[in-house]
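Engineer: Mapping to my numbering: the sequence shown position 56 is 87, numbers consecutive.
Glycine residues also receive a C-beta, built at the ideal position from the N, C-alpha and C atoms.
Structure below; questions to follow.
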Amino acid sequence: MKRVRCFFAYSSRPPALAETIESAISQLKTGRVVDVIGWKDLRTTGKLLIFKICEAIEKYEIFACDLTTLNNNVLFELGFAIAKNKRIWVIRDPSFEQSHVAFEKLRLMTTVGYKPYRNSREIVESFYAEQPYTDLHDTVLSEAVAASMAPTEGGLLYIKSSIPTDASIKVSRILDACPVPQVVDDPREEIAQPLQWYAQKTRDSLAVVAHLLSEDRVEVRFHNAKAAFVSGLAYGFGKQLLMLAHSPYDTPIDYRHLLQIHQTATQCEGFARDWMKGVADNWRDRAKSAEKYEEHLRLHAELRDIALGEYIAEYESELLQDYFVETSIYQESLRARYKFLVGRRGCGKTAILLKLAHELGRSIGNHVCVVQPKDYDLQGLVRLLDSSLPGYHRGFLIESLWKALLYSELARSVRLELENRPPGAIDSTEGAFLQSIHKNDDLVACDFTVRLETLVRRYADLRRQDVGDRGEKLSESLHQNAIPELRTELKKVLEKRDRVVILIDNLDKAWKPRAYLPLLRDLLFGLLNASNEMANDLAKPDYLQRVVDLSVVVFLRSDVFTQVMRSARERDKIPYRRIAWGDPDTLLRVIEERFLASAPLIDESEGIWNRYFCRSVNGVPTREYLVRIILPRPRDLIYVAKAALAFAVNRAHTEIEEKDILDAQKEYSQHALYSIVDETTTQFERLEDFLYEFLQSDEVIGRRDILRAMAACGVPEANVDDIVELLCDLAFFGRELETGRFEFLYNYQDREKFHAMAQRTAQSAGHDPRFRINVPFHSYLEIQPVLQDLQT
């Protein structure tokens, strides 16, 4: 095991004291507990250079010194060792009376402490008793100084002469005329400061000037000891240092350029002026750097404070209002009486719902009912609506189910609104509604999922009874006279409202696009018919001419809606709009609006890109690059922008740099892959293994490559067409519509068209259809691009 090393500093005078310490060093060497050297072990010929001593101190873990005589050289070395965070061990012979007075007067040393001795044996015993070699981290800098060393802005630390000589006065004038701010330690005001003060001021300073007295002056011992110690701190902290000394001043150590001994005040003035020129220039450079650094901190803080929100709309329902992008589809939905809004996962359906609910709900004249079932028993519906049920009864049952659900959901929504009002804010009509609604608590009090299961169970019980006239019994089972009552009460309470809007989402969460297709078709058409009838019923004046203006907006996944539309007989009569983000400028507005919401000083989108983003990535303009590497959906753009911003903030950047975007691309690419795996778990259990078979492959692949990947995963070859269709639907594969032209399915309406064009292209070229792996998945799968427009 390597032994700890100790450097011992002591004065060569008086010789008897030096002899005692050197004897102790010899005994410690013999003990072989630590490796010890004294400063004389470094001597060759002539004066010993100060940097040689300091070099040795830096190499050794312990700095031991004798402060009996308060030798200037020893104090310089002590200051240097403290600044270098060495373990300090101090000894002193208290039998020297003058030494005791000077040591107590030099109060900056009281923090360090010392071990008394009278002979070499006591030095050795104290060293072994205290064992400084076992606690090397117990340093003066860390224990006594660091805790009180909060960083401050410093310029020049001036250890002023204790006697106002002409030389001292000239130095003071030169320093006063310099632009560098000063901290002056004037012994005529305060004899000495605590050790913590000197350590902090020296550490934070740009430069240090220490003016020592000649050896024939009074009070020289104390003042020079302090000046030497602070000079050592400055040298250890790597500060610019000028030690001035009145002549005569003698030292056995060569301080080279650090120490200037002046014969006259004029010579001292010249030394100080020449040295200060360099300090002033350094100060100006540092001031410029400080300005740049402060500007860097300001810009970084500005970037750090940018809040891009969440890429999943459900997690930011409140903040979404600050930066929602109002597209034409949203504007149409605000005014629509009935409409399906159709889009892929992540395209912003829920964001539009939340914005509609917020905007329409702002008016006290509107009532908004949001229906978002978390989960429900789809299998129960399948069993209820099986093929054995006659067509008329099947359609009647579905419409009756929807009417019961929508009326009860609207009643429940109105009830919750009224019950949340403050006392006294409900009129007589509203009070009567709350009273009457209790009659139908079995439908109104529970949530959508429980209500649906209750209605399904009622009819299931009816079927088991094998009642003859099921049509009549069905109506009784579902309505039980509750629906007419709810309709009447709702008209009373809502007739004064300007608009009543029902927003329906999540109905298709449990739906699989290729399963229960007839059921999905009948459910959607039943919802359409039930909603129209409900709107017409509420809009039809009763005997008191009461009417309600009802609108219904339903949000559906594109894959489900497309499958249903294929089997629809009158497609043109279904009011729907597809949510698509084919226009890059519109898509980029999603993050531009979020930046603008957090950056009030920038009021237009161009400023966002100039201030917060690098100009290009891999030679491609940043705006274009971001759109190119993602699936064209708000969720994906927000994800990659948030990831790039996080990288930039963590790296203390002032803008999102190229490396931040490239690293965010890798993170997003993995997220995109995992997203499609999660989305299709029930359709293709081994999809993740299958996709990994394309690691480091070319971006353009053929049927043979797909079959090879299937074989490696143990997937039957007979499933190849289904797998290709699935991955094209997910936009993982793009089809070759013309030679060298690949398109990805971002609009399900183009599904059959793309398939037909790809088949014709393959037949014309005389080979199997080819596919292209989409760019968003390249980074994670390390795909090798071969097409020119993918060299990103």
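1. Helix, strand or coil: which one does DSSP assign to L534?
2. In angstroms, rounded to a whole number, what distance separates the CA positions of D553 and T485?
3. Just confirm the distance between the C-beta atoms of L657 and V621, as a whole number of angstroms; I'd bet it's less than 8 Å.
4. In the DSSP output, which residue or residues are listed as bridge partners for H242?
5. If S629 sits next to A344, beta carbons under 8 Å apart, how far is it from one beta carbon to the other, in whole angstroms?
6. When we look at the beta-carbon of H288 and count the other beta-carbons within 10 Å, is it buried (16 or more) or exposed?
7. Go ahead and label L726 buried or exposed: buried means 16 or more other beta carbons lie within 10 angstroms of its beta carbon, across all protein chains shown.
8. Quick one: give me the first and last residue of the beta strand (DSSP E) that V67 is part of.
9. Please classify P663: is it buried, with 16 or more other beta-carbons within 10 angstroms of its beta-carbon, or exposed?
10. As a quick exercise: from Q352, P212, S394, A570, pick the residue whose alpha carbon is nearest that of S582.
11. Just how far apart, CA to CA, sit M307 and A238?
12. Could you tell me the distance, in whole angstroms, from the CA atom of R688 to the CA atom of A793?
13. What number of angstroms, rounded off, separates the C-alpha of T711 from the C-alpha of E326?
14. What does the alpha-carbon distance come out to for the pair N778 and R801?
15. Do you know how far the Cα of D166 is from the Cα of A208?
16. Work out the CA separation of H398 and E774 for me, nearest whole Å.
17. With a Cβ-Cβ cutoff of 7 Å, do A672 and D691 count as a contact?
18. Assign T519 to one of two classes, buried (16 or more other C-beta atoms within 10 Å of its C-beta) or exposed (fewer than that).
19. Report yes if the C-beta of V214 is less than 6 Å from at least one heavy atom of the ligand NAD; otherwise report no.
20. Determine which residues share a DSSP beta bridge with S582 and list them.
21. Here's the rule: buried if 16 or more other CB atoms are within 10 angstroms of the residue's CB, otherwise exposed. What is I52?
22. Going by Cα to Cα distance, which pick from A787, A513, W433 is closest to D472?
23. What separation, rounded to the nearest whole angstrom, lies between the Cα atoms of Y164 and V65?
24. Where do the N-terminal and C-terminal ends of the beta strand (DSSP E) with R766 fall, by residue?
25. Alpha carbon to alpha carbon, how far is G771 from E655?
26. With 16 other CB atoms within 10 Å as the buried threshold, where does N805 fall?
27. Quick check: the Cα distance between L483 and D529, rounded to an integer number of angstroms?
28. Do you know offhand how far S43's Cα is from S192's?
29. Under 7 Å, do A20 and K201 count as touching if we go by C-beta distance?
30. Taking contact to mean at least 3 C-beta pairs separated by less than 8 Å, is the stretch 95 to 113 in contact with the stretch 252 to 267?
31. Specify whether the stretch 354 to 371 and the stretch 447 to 463 touch according to this definition: at least 3 beta carbon pairs, one from each stretch, less than 8 Å apart.
32. For Q291, which beta-bridge partners are listed by DSSP?
33. If I follow the unbroken beta strand (DSSP E) through D26, where does it start and stop?
34. With DSSP as the reference, label Q403 as helix, strand or coil.
35. Please identify the residue among R315, F586, E719 whose C-alpha is closest to the C-alpha of L385.
36. Which class does A630 belong to by DSSP, given the choice of helix, strand or coil?
Structural biologist: Let me lay it out:
1. On the sequence shown, residue 534 is found 503 positions in, with the first residue counted as 1. In the three-state reduction of the DSSP assignment, L534 falls in the strand class.
2. Position 522 of the sequence shown, counting from 1, holds the residue named residue 553. Position 454 of the sequence shown, counting from 1, holds the residue named residue 485. Cα to Cα, the separation comes out at about 20 Å.
3. Working through the sequence shown from its first residue, we reach residue 657 at position 626. Working through the sequence shown from its first residue, we reach residue 621 at position 590. With 8 Å as the limit, L657 and V621 do not qualify as a contact, their Cβ atoms being about 11 Å apart.
4. Translated into positions along the sequence shown, residue 242 becomes position 211. Partner residues in the beta bridge of H242, as assigned by DSSP, are L275.
5. Numbered from 1 along the sequence shown, position 598 holds the residue referred to as residue 629. Numbered from 1 along the sequence shown, position 313 holds the residue referred to as residue 344. Contact flag wrong, Cβ pair sits at about 18 Å.
6. The residue labelled residue 288 in the question sits at position 257 within the sequence shown. Exposed.
7. Here residue 726 refers to the residue found at position 695 when the sequence shown is read from its first residue. Of the other Cβ atoms in all chains shown, fewer than 16 fall within 10 Å of the Cβ of L726; this residue is therefore exposed.
8. On the sequence shown, position 36 is the one that residue 67 refers to. 66 to 69 is the span of the beta strand (DSSP E), which, as asked, contains V67.
9. The residue given as residue 663 occupies position 632 in the sequence shown. With 16 or more other CB atoms across the displayed protein chains lying within 10 angstroms of its CB, P663 is buried.
10. For this step, residue 582 is matched to residue 551 along the sequence shown. Between S582 and the set Q352, P212, S394, A570, the nearest pair of CA atoms involves A570.
11. Position 276 of the sequence shown, counted from the first residue, corresponds to residue 307. Position 207 of the sequence shown, counted from the first residue, corresponds to residue 238. Distance from the CA atom of M307 to the CA atom of A238, rounded to whole angstroms, is 9 Å.
12. For the purposes of this step, residue 688 is taken as residue 657 along the sequence shown, with counting starting at 1. For the purposes of this step, residue 793 is taken as residue 762 along the sequence shown, with counting starting at 1. Checking the sequence, you will find Glu at residue 688 rather than Arg. About 42 Å.
13. Within the sequence shown, numbered from 1, the residue matching residue 711 stands at position 680. Within the sequence shown, numbered from 1, the residue matching residue 326 stands at position 295. Computed Cα separation, rounded: 49 Å.
14. Walking along the sequence shown from the start, residue 778 turns up at place 747. Walking along the sequence shown from the start, residue 801 turns up at place 770. Distance between the alpha carbons of N778 and R801: 20 Å.
15. Along the sequence shown, one-based indexing puts residue 208 at 177. Along the sequence shown, one-based indexing puts residue 166 at 135. Their Cα atoms are separated by approximately 47 Å.
16. By one-based count along the sequence shown, residue 774 stands at place 743. By one-based count along the sequence shown, residue 398 stands at place 367. Approximately 43 Å between the Cα atoms of the pair.
17. One-based indexing of the sequence shown puts residue 672 at position 641. One-based indexing of the sequence shown puts residue 691 at position 660. No, the pair does not count as a contact, with Cβ atoms beyond the cut-off.
18. Against the sequence shown, residue 519 aligns to sequence position 488. By the beta-carbon neighbour count (other beta carbons within 10 angstroms, threshold 16), T519 is exposed.
19. No copy of the ligand NAD occurs in the structure displayed, which carries no ligand at all.
20. For the purposes of this step, residue 582 is identified with residue 551 of the sequence shown, where counting begins at 1. Paired residue(s): V532.
21. Position 21 of the sequence shown, counted from the first residue, corresponds to residue 52. I52 is classed as buried because its beta carbon has at least 16 other beta carbons within 10 Å across all chains shown.
22. Counted from its first residue, the sequence shown places residue 472 at position 441. It is A513.
23. One-based indexing of the sequence shown puts residue 164 at position 133. One-based indexing of the sequence shown puts residue 65 at position 34. Our two residues, Y164 and V65, have alpha carbons roughly 8 Å apart in a direct line.
24. Taking the first residue of the sequence shown as 1, we reach residue 766 at position 735. Unbroken beta strand (DSSP E) run through R766: 764 to 769.
25. Counting from one through the sequence shown, the residue named residue 771 turns up at place 740. Counting from one through the sequence shown, the residue named residue 655 turns up at place 624. E655 has its alpha-carbon roughly 21 Å from the corresponding atom of G771.
26. Working through the sequence shown from its first residue, we reach residue 805 at position 774. Per the 10 Å Cβ criterion, buried.
27. For this step, residue 483 is matched to residue 452 along the sequence shown. For this step, residue 529 is matched to residue 498 along the sequence shown. So the alpha carbons of these two residues sit roughly 29 Å apart.
28. Working through the sequence shown from its first residue, we reach residue 43 at position 12. Working through the sequence shown from its first residue, we reach residue 192 at position 161. One C-alpha to the other measures close to 26 Å.
29. Any answer about residue 20 is impossible in this case: the structure gives the chain only from 32 up to 823.
30. Contact between the stretch 95 to 113 and the stretch 252 to 267 is present: 3 or more CB-CB pairs across the two stretches fall below 8 Å.
31. Between the stretch 354 to 371 and the stretch 447 to 463, the count of C-beta pairs closer than 8 Å stays below three; the two stretches do not touch.
32. In the sequence shown, counting from the first residue as 1, residue 291 sits at position 260. Answer is L275.
33. Outside the displayed range of the chain (32 to 823) lies residue 26, so it cannot be described from this structure.
34. Walking along the sequence shown from the start, residue 403 turns up at place 372. In the three-state reduction of the DSSP assignment, Q403 falls in the coil class, being assigned neither a helical nor a strand state.
35. Taking the sequence shown and counting its residues from 1, the one referred to as residue 385 is at position 354. Ranked by Cα distance from L385, the options R315, F586, E719 are led by F586.
36. Residue mapping note: residue 630 aligns to position 599 of the sequence shown, counting from 1. Reduced to three states, the DSSP call for A630 is coil.
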